[in-house]
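Q:
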Amino acid sequence: MTSPTPHRLPSVRPGQHGFTLIEMLVTLTIIALILSIGIPVLNSVRARAARETARGLVNAVAAAVAGYQTKAWTLALPPPSIGAPFPTLTLPMWDTNRDALIDGDPAKDGPGKLSASRHQAVIDSGYRGFFAMAQPTVAKRLVKEGQIVDPWGTPLRISWAADIYGASGYGIWSAGPDRKDEFVSGVSGATAIAEANRDNILSWIVGE
Ligand SMILES: [Ca+2]
Ligand SMILES: [Ca+2]
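Residue 167 in the numbering used here sits at position 167 of the sequence shown, and the numbers go up by one each step.
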């Protein structure tokens with residue numbers, strides 16, 4: 001049995017152009033090899049860059065929130081009857097609509113857990129959402145309609161006080177490349193929640 005010759009010249013007759021079959025196969029094999037090595041490396045570099053962007057974003061937003069002394073937004077509600085005093089409503093600053101997402105422009109952001117009338121009261125109060133109020137340094141591509149999104153397009157989340165961040169203060173986080181965390185509908189049960197939260201990028205250190 002003869003092995004295929006790697007040489008090109010013997011198979012090319014005068015006046016003939018083009019590649020031999022072996023040359024084509026060798027070339028294709030080399031291209032496939034380069035792609036098989038290069039694409040995963042490129043994807044890995046991109047994934048790392050996205051995580052670093054998200055980490056910087058989460059830290060910047062956490063610092064911007066921490067820079068404010070007032071952590072609640074108090075507004076006047078319409079009086080229940082003519083002549084009655086205006087009741088006040090105090091809401092967690094940066095998440096007035098209590099949907100665990102950093103507020104965008106309240107006129108565009110939904111009412112979240114507020115009633116429509118209370119949501120309107122927030123708009124009327126002059127609250128303009130996190131981005132307009134705190135003006136953190138954020139790349140333009142990470143802002144969509146006044147809402148800050150992570151490199152995977154998911155709005156940043158915020159939670160206030162004990163359940164997430166300790167006795168006082170805010171926790172900011174990105175849901176990570178999988179765009180999921182325990183607040184996404186359809187994620188329930190300890191195993192699914194742990195899996196969804198595994199790649200989240202947090203502004204705090206777990207256990208502190
Ligand atoms: Ca919100
Ligand atoms: Ca996640």
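For each residue, glycine too, the CB sits at the ideal point set by N, CA and C.
(1) State yes or no: is the beta carbon of W73 nearer than 8 angstroms to at least one beta carbon in chain B?
(2) Please state whether DSSP places G186 in a helix, a strand or coil.
(3) Going by beta carbon distance, what residues of the same chain come within less than 8 angstroms of A47, once the five residues before and after it are set aside?
(4) Taking 7 angstroms as the cut-off, is the CB of G146 close to at least one heavy atom of ligand 1?
(5) Let me know the secondary structure DSSP gives L114 once reduced to three states.
(6) When we look at the beta-carbon of T96 and count the other beta-carbons within 10 Å, is it buried (16 or more) or exposed?
(7) If contact is defined by three or more beta carbon pairs under 8 angstroms, each pair taking one atom from either stretch, is the stretch 134-147 in contact with the stretch 177-187?
(8) Across the stretch 112-122 and the stretch 50-60, are there enough close Cβ pairs to call them in contact, namely three or more that are closer than 8 angstroms?
(9) Applying the criterion that 16 or more other CB atoms from any shown protein chain within 10 Å of the CB defines a buried residue, is S174 buried or exposed?
(10) Taking a contact to mean a Cβ-Cβ separation below 8 angstroms, would you say R55 touches I158 in this structure?
A: Answer, in terms of the structure:
(1) The structure shown contains no chain B, having only a single protein chain.
(2) coil
(3) P177
(4) no
(5) coil
(6) buried
(7) no
(8) no
(9) buried
(10) no
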